[in-house]
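First the structure, in the form of structure tokens, and then the observations on it.
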């Protein structure tokens, strides 16, 4: 049996080497190569590439949809921000209007109270001036009498004589 095995391997070794390099086997190898090559190409064309292409198209569609959604959301956010800014401006204007009205009302009340107090002070001042004038007139009326009495006392003290009322009146008027 060992002799048979050696004889079989010796025959193959004498055949000239590797079958890939033996031109006798090339037509069969080329035929199988072409069959396998075109089979793989057909599989790729009809199954793998469409599946990958579909996945790529789906992914591109999803990305485009996501971008469109993001743009739409951004536009909505911008619109809401603009609306909020308009509302804030309206609220600010309303607050300023209310503040101006309150300020004007307070100033009007202050002006009215000031005018009222000034009128009271003017009336009080007029009354005081009238009393002062009346007191001055009364004092001036008494001054002539007091001057005459004082002059009588001085004349009596200095001369020892009493002066007549006509002389005292003439001396007081001067």
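Residue numbers (this note's numbering): 1384 to 1557. Just so it is clear, CB atoms sit at the ideal spot from N, CA and C, and this is done for glycine as well. Values in this document were obtained by computation on a predicted structure and should not be read as measured data.
Using CA atoms only, rank isn't needed, just tell me which of the options is closest to residue i.
i            : options          : result
residue 1535 : 1458, 1554, 1454 : 1554
Excluding the 5 residues flanking residue i on each side, which residues of the same chain have their C-beta closer than 8 angstroms to its C-beta?
i            : result
residue 1481 : none
residue 1548 : 1531
Are the beta-carbon atoms belonging to residue i and residue j less than 7 angstroms from one another?
i            : j            : result
residue 1527 : residue 1538 : no
residue 1645 : residue 1524 : The question about residue 1645 has no answer, for the chain in this structure spans 1384 to 1557.
residue 1402 : residue 1408 : yes
Nearer than 6 angstroms: is that true of the beta carbon of residue i relative to any heavy atom of the ligand FMN?
i            : result
residue 1500 : Inclusion of the ligand FMN in the displayed structure is not the case, the ligand content being empty and no account of it being possible.
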